[in-house]
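These notes are about the structure you will find just below.
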Amino acid sequence: GCNPLAETGRSKLQNQRAVLNQQILRAVRMRAGAENLLRVTTNNKVREQVLLELSFVNSDLQILKEELEGLNISVEVYQNAGETFSIPLVPLGLKETKDVDFTVPLKDFILEHYSEDSSEYEDEIADLMDLRQACRTPSRDEAGIEMLISYFLQLGYVENRFFSPTRHIGVLFTWYDSFTGVPVCQQNLLLEKASVLFNIGALYTQIGTRCNRQTQAGLENAVDAFQKAAGILSYLKETFTHTPSYDMSPAMLNVLVKMMLAQARECVFEQIGLSGIRNEFFTLVKMTQEVAKVGEVYKLVNTAMNQEPVKENIPYSWSKLAQIKSDHYKALAHYFIAIILCDHELQPGDDKDQQEKALSQLYDYVPEGLMVLAILKDKVQRKQLGKAHLHKAIGYHEEALRVCGLCKKLRNIDVLQEVLTAAHKRSLFKYAQQETEDDFLSLIQAPDILPKTEHKIETIAPQFSKVKVKDFFHKLGPLTVFSAKQRWTAPRTICLHHEAGELGFSLKGGSPVQIYCLDPVCSAASAGLKEGDYIVSVGGMDCKWLGVNEVLEKLKSVGKQPMELEVISCQDTAASLHGKSATYSMGMQKTYSLICLAMDEDKIDQTKKAPLKLPFLSWGTKNRQKAASTLCLPSAVAGRSQIKKQLSPFTLLNTESSLY
788 GCNPLAETGR
798 SKLQNQRAVL
808 NQQILRAVRM
818 RAGAENLLRV
828 TTNNKVREQV
838 LLELSFVNSD
848 LQILKEELEG
858 LNISVEVYQN
868 AGETFSIPLV
878 PLGLKETKDV
888 DFTVPLKDFI
898 LEHYSEDSSE
908 YEDEIADLMD
918 LRQACRTPSR
928 DEAGIEMLIS
938 YFLQLGYVEN
948 RFFSPTRHIG
958 VLFTWYDSFT
968 GVPVCQQNLL
978 LEKASVLFNI
988 GALYTQIGTR
998 CNRQTQAGLE
1008 NAVDAFQKAA
1018 GILSYLKETF
1028 THTPSYDMSP
1038 AMLNVLVKMM
1048 LAQARECVFE
1058 QIGLSGIRNE
1068 FFTLVKMTQE
1078 VAKVGEVYKL
1088 VNTAMNQEPV
1098 KENIPYSWSK
1108 LAQIKSDHYK
1118 ALAHYFIAII
1128 LCDHELQPGD
1138 DKDQQEKALS
1148 QLYDYVPEGL
1158 MVLAILKDKV
1168 QRKQLGKAHL
1178 HKAIGYHEEA
1188 LRVCGLCKKL
1198 RNIDVLQEVL
1208 TAAHKRSLFK
1218 YAQQETEDDF
1228 LSLIQAPDIL
1238 PKTEHKIETI
1248 APQFSKVKVK
1258 DFFHKLGPLT
1268 VFSAKQRWTA
1278 PRTICLHHEA
1288 GELGFSLKGG
1298 SPVQIYCLDP
1308 VCSAASAGLK
1318 EGDYIVSVGG
1328 MDCKWLGVNE
1338 VLEKLKSVGK
1348 QPMELEVISC
1358 QDTAASLHGK
1368 SATYSMGMQK
1378 TYSLICLAMD
1388 EDKIDQTKKA
1398 PLKLPFLSWG
1408 TKNRQKAAST
1418 LCLPSAVAGR
1428 SQIKKQLSPF
1438 TLLNTESSLY
């Protein structure tokens, strides 16, 4: 990762974000404590003091959140360093996290679950922690993306190796909400994986905003980066369905995906007009439709940002910027069509049918009393409709400037003010050119413009397979056997003697190999070898990753000398079932687990009988046949007849006295 102490603009913003997150955490804790005290106290004087304290804490919290919003709209830091005259694009800030120490939990798990010397894995654990620490400050390029993806893939190995669905190993992950600063703490590795995915998408947005939008290659890279960011965020929304953080909720992610695609669409429009816009009829028609499409998608983004529950958490300035861009690009669409009508008269050599078709595609309807062909032929009608479009363009420009002036964060962005002001003046100048002293034409209402595009913008799904990652804990063995979900005995040492050149068993499977067709009277069986055992070591040499032929060669190389094998026996080979939680639904629809749950409940309702209500002391009798023999000896259970259904508490106390 980058040097966390480097004094770059982006690192300063991230450091400020980390400080604000800590301050917000303290304020949230103080508010929670005050609310709890207010809930339980009955003393009026104490209530007054607590209410006063709550008002201070809430105002302080509001100020902190406004400061965090200011960081989220600090878009100038992320833009290209060169001279530019474009409306800034909005990047996502990286989620902040606390340090995590994997050392003790993973070493304990290796010793307890895998029965191996955990000190041999200190380097691997250190590598994992170093990689996580580096991911907190990734470089703003493809190398940073590759590092984040490699950590995400490494977490998949770690999850299978150490995170059992039935127990927690004591590792606590803390991540701060990117918009509210509120921390989320969980022992679930899925929070870590989801947060890393969010940061991959955020880093793509920062790469996109950094691209040089004054060159063709820079705009192509920006479009690609925003499409990939949308793909990552969409993958996050579909895969992790019940994330506890607001910034990763399905509603918020849906808005962020729309915003990234809108910014990609904006870059496509800039790419089309980069070499200059020729003042030619059909070129202007195409530009009108393209820019109208940009205005339409930003209108949809603004609408989505103002819906509950997103409205409460997304930065207010983002919503206003989307509204400003929608108005700005709508104004450009009306300006372009006004240029068509005011500057291009139908000449004798022009193809009037093609011009009529092209112009009619811009409108859903034309003002009453006007026809498209008549507009093309009649200079007065062309001028009248052109002025109507200019008037509407000026209205949109003025609205964009008004909204920008009302938002404290946006009016401080100089380049935004310059772009909006220049476009407004250009429309005013064109409108003034059409004004004459004897102009008494009644101004008609300009119709809306139909958006259309020839450039398809869609999400680019993440391609994790392109990043090659090696499992840090490869030495533990193949994941198909040596995982947190599997249970097996501690390694047993078998002293193997060759009998007339025969082993007394066969081998099967991949890595590790299994004992197959064991002769029950051979010396290996007498030494404790069992059918289905996995061979993990031959003569002190680890063979978890060796195949059948390689293990056989090792066995035959010893000759007639005794050899020691280390084997394990699996205790739980049943595949883990889908839980009823829909938090992580990799490759499944969101409702899959809920459908399974409903089916299970239907089966239970059909087959379940009302349980017999017995006194509390009957628990031991009722469950004695099913319980493990920790409460009573197996012989006592086997030799005792079943208890009748109706028993008095005194009878139960007598018969069950041996259980306690």
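Throughout the sequence shown, residue numbering follows our numbering, covering 788 to 1447 in sequence.
Ideal Cβ positions, reconstructed from N, Cα and C, are used throughout, including at glycine.
Bear in mind the structure is a predicted one, so any value in this text is a computation, not a measurement.
Do residue i and residue j have their CB atoms nearer than 7 angstroms?
i: S873; j: R1052; result: no
i: S1113; j: N1089; result: yes
i: P1478; j: V1323; result: Lying before the first or after the last residue shown, residue 1478 is absent from the chain, which here runs from 788 to 1447.
i: A1009; j: C1054; result: yes
i: M916; j: F939; result: no
i: E946; j: L918; result: no
i: Y1022; j: P1249; result: yes
i: A805; j: V844; result: no
i: F1292; j: I1281; result: no
i: I912; j: E903; result: no
i: V1042; j: M1092; result: yes
i: N1066; j: G968; result: no
i: L1128; j: G1173; result: yes
i: Q1058; j: L1006; result: yes
i: A1118; j: H1029; result: no
i: C824; j: A989; result: Note that residue 824 is Leu in the sequence shown, not Cys. Cβ atoms of L824 and A989: not closer than 7 angstroms.
i: A1038; j: V1097; result: yes
In this structure, does DSSP put residue i in helix, strand or coil?
i: Q1094; result: coil
i: L1352; result: strand
i: W1275; result: strand
i: Q1412; result: Note on Q1412: pLDDT 40, under 50, position unreliable in the model; the coordinate value appears next. Looking at Q1412 - three-state DSSP - the assignment turns out to be coil, as it is neither helix nor strand.
i: D1151; result: coil
i: K1396; result: Reliability of the predicted coordinates at K1396 is poor, the pLDDT of 44 falling under 50, and the value obtained from them is presented with this limitation in mind. Coil, per DSSP.
i: C1129; result: helix
i: W1406; result: Confidence is the limiting factor: at W1406 the pLDDT is only 36, short of 50, which leaves the residue's position unreliable and the question unanswerable from this model.
i: L824; result: helix
i: T961; result: strand
i: T1417; result: Annotation note: pLDDT 33 at T1417 (below 50); position unreliable, no value reported.
i: T1280; result: strand
i: V1323; result: strand
i: Q803; result: helix
i: M817; result: helix
i: I1064; result: coil
i: E1057; result: helix
i: E840; result: helix
i: E1077; result: helix
i: Q1358; result: strand
i: M1373; result: Caution is warranted here: a pLDDT of 38 is assigned to M1373, below 50, making its placement in the model unreliable, and no coordinate value can be reported.
i: D1114; result: helix
i: D1329; result: strand
i: E1318; result: coil
i: E1289; result: strand
i: I1236; result: strand
i: G1005; result: helix
Am I right that residue i and residue j are in contact with their C-beta atoms under 8 angstroms? What's the rounded C-beta distance?
i: V1500; j: S937; result: Given a span of 788 to 1447 for the chain in the structure shown, any question on residue 1500 remains unanswerable.
i: L1342; j: L1305; result: Not really, about 14 angstroms apart at Cβ, beyond 8 angstroms.
i: L1163; j: K1217; result: Wrong, their Cβ atoms sit about 20 angstroms apart, outside the cutoff.
i: S1032; j: D964; result: 5 angstroms
i: T1075; j: A1120; result: 5 angstroms
i: Q993; j: P878; result: 4 angstroms
i: K1080; j: K1239; result: 7 angstroms
Does the distance between the C-beta of residue i and the nearest non-hydrogen atom of the ligand FMN fall short of 6 angstroms?
i: E946; result: Among the components modelled here there is no ligand, and therefore nothing to report on the ligand FMN.
What residue does the beta strand (DSSP E) around residue i start on, and which one ends it?
i: F872; result: First-last for F872: undefined, no H or E at that position.
i: C972; result: 970-973
i: I734; result: Here the chain covers residues 788 to 1447 and nothing more, so residue 734 does not appear.
i: S1293; result: 1293-1295
i: I1302; result: 1301-1303
Taking the alpha helix (DSSP H) that residue i falls in, what are its first and last residues?
i: I1181; result: 1166-1193
i: Q1220; result: 1201-1221
i: S1310; result: 1310-1313
i: E1340; result: 1335-1344
Curious, which full-length beta strand (DSSP E) runs of at least 3 residues does the stretch 1008-1053 contain?
-> Within the stretch 1008-1053, no beta strand (DSSP E) run of at least 3 residues lies entirely inside it.
Uninterrupted alpha helix (DSSP H) stretches inside the stretch 875-950 (no shorter than 4 residues) = 890-900, 909-921, 929-949
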